[in-house]
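Engineer:
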């Protein structure tokens, strides 16, 4: 673990608490998520209790503690998307992809997260799939997108 994070932590030689969030962001940007071992090592490096790191990291919805599936969907539930019908679209997605309580599909190929805003209100309702936005969704557009994902999941 030390070697895997060494080049990231090299940018933060002062080992101070104010660097915690940027370090977490750098780790997640490179590794895709924050593992238990990342948190443990960071706790020792910054002399911050693990529980404090978790409490800070869980406050922000940007941090993940498990890797995303092959297809990661971020579902906007902000005001504009909500007014434009995102709630029904979210239910359609969960049913079509057989999303479980842990926000993963039964086959493990899909993971989802509902976010308060994707910052593209003029395009509402929308979802982001692996970094690509799909905007002004309706049932037909959503069905086409989901069918493509399901066909390509092999």
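In my numbering, the protein residues as written are 12 to 165.
Note that CB positions come from ideal geometry on N, CA and C, so glycine has one too.
Against chain B, with Cβ distances strictly below 8 Å, would residue 148 count as a contact?
Structural biologist: In the structure shown, chain B does not exist; there is a single protein chain.
Engineer: On the CB-based measure, 16 or more other CB atoms within 10 Å of its CB, does residue 49 come out buried or exposed?
Structural biologist: Buried is the call here.
Engineer: Output the residue ranges of the beta strand (DSSP E) runs that lie fully inside the region 55-108 and measure 3 residues or longer, sorted by chain position.
Structural biologist: 82-87, all fully within the region 55-108.
Engineer: In three-state DSSP terms, what is residue 40?
Structural biologist: helix
Engineer: According to the Cβ coordinates, are residue 56 and residue 105 closer than 8 Å?
Structural biologist: no
Engineer: Going by DSSP, what residue range makes up the alpha helix (DSSP H) through residue 143?
Structural biologist: Taken as a continuous stretch (DSSP letters only), residue 143 belongs to no alpha helix (DSSP H), being part of the beta strand (DSSP E) at 143-145.
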